[in-house]
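Asks: Counting in this note's numbering, the final residue of the sequence shown is number 1773, and the numbers go up one at a time with none missing. Built from N, CA and C at the ideal position, the CB exists for glycine as well. As the structure is a computational prediction, the values presented were derived from the model and not from experiment. Below: one structure in structure tokens.
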Amino acid sequence: MPGRMPETVFLGREDELARMAARLRRAGHSEPQVVVVDGPAGIGKTSLVRRFLKDLGAAYRVLRASGSEGEADLPYGVLAQLVAGLADEPDAPLRDLNGCGRAGSALPDPIGVGSALIDALGRAQDRSPVVLVIDDMNWADTPSLHALTFVLRRLRVDRVLTLLAARDTVDPRLPAGLRRVLAEDSTLKLTLDGLGVDELAEFGRALGTAPLSRRAATRLQAHTHGNPLHTRALLDQVPRDVLAASDATLPAPRSYARLVNDGLAACTFPAQRLVAAASVLGMSSPLHKAARVGEVATPLDALEEAVAAGLLAEEPAVDLPRATFAHPLQRAAVYQGLGPRRRSHLHEAAARLADEPAEALRHRARAAVQPDAGLADELAAYAARQADEGAWSAAAAYLMSGARLTADRTRAEERTVQAVEYLLLAGDVGQAVELTDTVRALPRTAQQQYVLGRLALESGRQDEARRELTAAWRSRSADTEPETVRCVAEQMAWLCLIQSDARGAVSWARRGLDTGPGDRASLLRDELTLALALTGRFDEGLKAVADLPEHGPYSGAKELDGLFARGALRMWNGEYDAACRDLSESCAAHRKGGLPSVVAPSLGYLADAEYRAGRWDEAIAHSTQAVSLAEDTDHKSMLALAHAVAAYPLAGRGDFPAAREHVRCAIEYANRLADANDLAYAMSALALLRAAESDHAGVVEALSPLLGPELAYRDAIDEPGVFPWRHLLVEGLVRTGRTREAEAVLVPYETLAEARGRRPDMAAAARCRGMVEGARGDTDAAERAFRAGLRHCGQDTTCWERALLHLAYGAFLRRGSKRGAAAVELDVAWAAFTRLDAVPFLEQCRTELAACGRASARPRTASHSVLTPQELTVGNLAAQGLSNRQIARELALSIKTIEYHLGHIYAKLGLTSRVGLVAALAPAP
């Protein structure tokens, strides 16, 4: 009878075990490792992992979990299993994960859960290296997978080995960020093949059966492809002479299920009932519950018989006895062999005994044999409650079940479409996109067209998205749900914003707001505020968010809606302190209880504001987080922005290789999505890089596409303060001798900046005017322009534009033979560039000072210039007095990684403790 192999029966795989052991040794030396074992069902993935773990002993902390088809929609079910293996009581939100599936329980954000798990792993590895094991990863719940992705991308110097077993590593159900982790060169991928002929012969001997001849082993290998589970089933059922006979027909591999059920039929009636009930309850269930569902009077006797027959597996008794299948294929074979009538009866019994309403609903849905309007309504109502709590994956699953049981065809179609939207909101983009054809085949309704539009937008098909969303709006009626109408307007407003059609965004955002308050958190007020500012109505935009508290903490959708936009407007207007405060609080508040999709944009804009304000250390840290977070959460529409702003300070510091890579990625994503705003971000980043490299012709080449007629909408591109491209282009044209073209670009920029009252852009335009007039020989006009630019900067002595103004003004004065006055300006620029470690600009300044007779001037390298961006970020936080654990939580890294970075900082700066960090990282004089 096929069943669980004894632990001693494990053959071959020596190479795989050796490679896994090598990765474990590396993990023990603070090199975190990821190993993924993949292959078809029954090939031995679980057996290989068990064999590897068998000899680890107490020297390692093993945290184990397994995905289950029956619990694939239980939020954080897999992570809850992992957390149960921790030695210490975990902090919130980890300790509350078991309650996530219960009614009334709010679903924590995967980012917050992932951060908490990183913290817990940091403490666990203090005692011993940690081995994370997730079996049947393809059946893990979506929130757990997103949190796991966040963790794996942030383990740097941790003593952690992650073992993942999966049938398919490119399964669209897996988050795209996780699929990228699995595909990385650093990940060890072990794709298991079947056992060879010699291994099958040894396999037969190890099972205690009659020896297999070479002919029989060869025939068996050809028939089963060496699949251990199928082989075991045949060995238990087929005589050896039949295996060796060339004219005897062997059962097809697909008849494995028949072999399992033949073995089940040989058991006593109580054992049969216990195994059947267990198959309905899942891979593992409490023995007493399986006995009650199966009406088994002597469950221990029945369990013992089922284990002896290899149908169920023994597990170490930690709590009450459990009925556990050794392999998912065995459970599936028994379950499918029950027949519709008996399967339905057992699910009805399981529903009556369920501990939770959600579990009862799930069993009732599987027991149903015909449409059931009442049950369908219950499922839909439960899905709505899950949606209210942010458990979008569970909401989608229950609503899909409800749609299947809905007799009214129109209502069933509506529920199917709604379920696909829930998948999108859950971040299950791959699953949702796979259902595009299903949605497209349904009758054309406003809801169907809205979801098709959203699917197209998520896939980067913006023209199709605009067509579908416009059609959805036009086909709405009095019967259309107000939430659908509001969502259509919200998506259209967002599409208009990313396409630089701010006027369209104003119109759509107002239509959405006119429908009244919705049941979900919304971006409509953010969209309206941004769009109003981008059409020149800056004050009107601020008025739209005037009721927001000036300072946090912020909570609830009403207080959060508009906070991100207010931070963006303040950045565009040069109010950098207020902008950084708003954007930082937007990031934190949306991460805790708002819209997770707003976290990455908040981080990206925060990094941009910090770059403009001359806070480059912080800009590098936050832009790095923005890139990582956008990748982890499959937020493709954010990646061009995140990579672009990451390139800004790196180019300014002369870290050209890192800046080039970010620029390359920004251009790649901008081309993929083909929207105007992403193009402007990517080209601005490229121009900043080339300007830092003194490639002025390259600057002009990079920015030329932004002047072309191909862009259908230009509101955001032409609005002062949003992108830094116009002053870069003017300077590039002046430095390449194309003054007339520079004038043509500068005049509308000057006019609009002054009309809007945007002081940072008025200062940049004045600097450009000074350069243009200097190139023409009108020294008086040039000097007036430079002085006007400095006045526009006001008292902000740290902003980047002021430093550029002093450099340009000093260079102009030096060329006019006013060396003393030039040196004064250049000294100010020198101090600013030194503080920022802006190496390319220090070199330009040194050249100008040398021409003023200050040939001894040399860039005075700041003490922190030897530190990597990550080290500098950690060092600055430590210098502010934060503990290692506080720094780890701030940066979403493990404590081990923080300790590692601090060790390198001390070594590079010649320090022995934190005492000297404040002085060592202070700005150079």
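Counting pairs of beta carbons, one from the region 1129-1145 and one from the region 1103-1113, are three or more of them closer than 8 Å?
Replies: Verdict: no, contact absent.
Asks: Out of curiosity, what's the CA-to-CA distance linking K902 and L1129?
Replies: K902 and L1129: Cα-Cα distance of roughly 28 Å.
Asks: Ignore the nearest five residues each way along the sequence and tell me which others in G962's own chain have a CB closer than 7 Å to its CB.
Replies: Same-chain partners within the cutoff: A995, F998 and V999.
Asks: Please classify R1062 as buried or exposed, where buried requires at least 16 other C-beta atoms within 10 Å of its C-beta.
Replies: The residue is exposed, with fewer than 16 neighbouring Cβ atoms inside 10 Å.
Asks: Quick check for students: name the residue ranges of the alpha helix (DSSP H) that lie wholly in the region 1188-1236, counting only runs of 4 or more.
Replies: Here the runs fully enclosed are 1188-1200, 1205-1215 and 1221-1236.
Asks: Check whether chain B comes within 8 Å of S1323, counting only Cβ atoms and requiring the distance to be less than that.
Replies: Protein chain content of the structure displayed is limited to a single chain, and chain B is not contained in it.
Asks: Could you check if V1144 is buried or exposed, using at least 16 other CB atoms within 10 Å of its CB as the buried criterion?
Replies: Buried.
Asks: From the DSSP output, in three-state form, read off I982 for me.
Replies: It is a strand residue.
Asks: Just the Cα atoms here: how many angstroms apart are E1316 and G947?
Replies: The straight-line gap from Cα to Cα measures roughly 39 Å.
Asks: Between which two residues does the alpha helix (DSSP H) harbouring K1391 extend?
Replies: Looking at the DSSP string, the run of the alpha helix (DSSP H) that includes K1391 is F1386 to A1392.
Asks: Do the region 1530-1537 and the region 1571-1586 meet, that is, are 3 or more Cβ pairs less than 8 Å apart?
Replies: Output reads yes: the region 1571-1586 touches the region 1530-1537.
Asks: Only counting the same chain, and skipping five residues up and downstream in sequence, which positions put a Cβ closer than 8 Å to that of R1028?
Replies: Correct list, in chain order: E1479.
Asks: Please state whether DSSP places A1755 in a helix, a strand or coil.
Replies: The answer is helix: DSSP assigns A1755 an H, G or I state.
Asks: Which same chain residues end up closer than 6 Å to G1366 when comparing Cβ atoms and leaving out the 5 residues on each side of it in sequence?
Replies: Cβ within range, chain order: E1331 and R1334.
Asks: When we look at the beta-carbon of Q1184 and count the other beta-carbons within 10 Å, is it buried (16 or more) or exposed?
Replies: Exposed, since its Cβ has fewer than 16 Cβ neighbours within 10 Å.
Asks: Going by C-alpha to C-alpha distance, which of H877, D989, I1515 and D1041 sits closest to E973?
Replies: A small correction: the amino acid at residue 973 is Gln; Glu does not occupy that position in the sequence shown. Measuring from the Cα of Q973, the nearest candidate turns out to be H877.
Asks: Going by other Cβ atoms of all chains shown within 10 Å of its Cβ, with 16 needed for buried, is P956 buried or exposed?
Replies: Flag for P956 reads buried.
Asks: Between P941 and the rest of its own chain, which residues show a CB-CB distance below 8 Å, the 5 nearest in sequence each way excluded?
Replies: P956, G960, V961 and A964, listed in sequence order.
Asks: With three or more beta-carbon pairs closer than 8 Å as the criterion, would you say the region 1408-1422 touches the region 1372-1388?
Replies: Counting Cβ pairs under 8 Å, three or more are found: they touch.
Asks: Pull up the distance between the alpha-carbon of A1670 and that of L1273, whole angstroms please.
Replies: Whole-angstrom Cα-Cα distance: 58 Å.
Asks: Going by alpha carbons, who is nearest to R1663 out of A1686, H1195, W1648 and E1631?
Replies: The shortest C-alpha separation from R1663 is found at E1631.
Asks: Going by DSSP in three states, F1571 sits in which element: helix, strand or coil?
Replies: In the structure shown, F1571 sits in coil (DSSP, three-state: anything other than H, G, I, E or B).
Asks: Please identify the residue among S1450, E1423, A1545 and F1051 whose C-alpha is closest to the C-alpha of T1646.
Replies: The residue with the shortest Cα to Cα distance from T1646 is E1423.
Asks: Note the first and the last residue of the continuous beta strand (DSSP E) segment covering K1037.
Replies: Here the beta strand (DSSP E) through K1037 covers L1036 to T1039.
Asks: Please confirm if the region 1169-1179 is in contact with the region 885-894, defined as three or more CB-CB distances below 8 Å between the two stretches.
Replies: The region 1169-1179, when compared against the region 885-894, does touch it at the 8 Å Cβ threshold.
Asks: Nearest-angstrom Cα distance between A1474 and S1665?
Replies: When rounded, the distance between both Cα atoms is 46 Å.
Asks: Can you find the residues in the same chain that come closer than 7 Å, C-beta to C-beta, to A1228, ignoring five residues on each side of it along the sequence?
Replies: So the list reads L1247, G1250 and R1263, once near-sequence residues are dropped.
Asks: Count the other CB atoms, across all protein chains shown, that sit within 10 Å of the CB of F1660; report buried if there are 16 or more and exposed otherwise.
Replies: When all chains shown are included, F1660 counts as buried.
Asks: The alpha helix (DSSP H) spanning V884 covers which residue range?
Replies: Premise fails: V884 lies in the beta strand (DSSP E), Q881 to D886, not in any alpha helix (DSSP H).
Asks: Is it right to say Q1643 is buried, meaning 16 or more other beta carbons lie within 10 angstroms of its own, or is it exposed?
Replies: Exposed.
Asks: Using DSSP's beta-bridge definition, name the partner residues of V1008.
Replies: DSSP lists V978 as partners of V1008.
Asks: In terms of residue numbering, what span does the alpha helix (DSSP H) encompassing S1552 cover?
Replies: First-last for S1552: undefined, no H or E at that position.
Asks: Among M1131, C1428 and L1378, whose alpha-carbon lies nearest the alpha-carbon of E840?
Replies: With the chain represented from 849 up to 1773, any question about residue 840 goes unanswered, as that position is not in the structure.
Asks: Using the C-alpha atoms, what's the distance from A1651 back to A1705?
Replies: Here A1705 scores only 47 on pLDDT, less than 50, and its place in the model is too uncertain to base an answer on.
Asks: Restricting to Cα atoms, I'd like to know which of T1627, R1683 and A1213 is closest to G1658.
Replies: Among T1627, R1683 and A1213, the Cα nearest to that of G1658 belongs to T1627.
Asks: Apart from the five residues just before and just after E1196, which ones in its own chain have a Cβ nearer than 6 Å to its Cβ?
Replies: Here the set comprises A1215.
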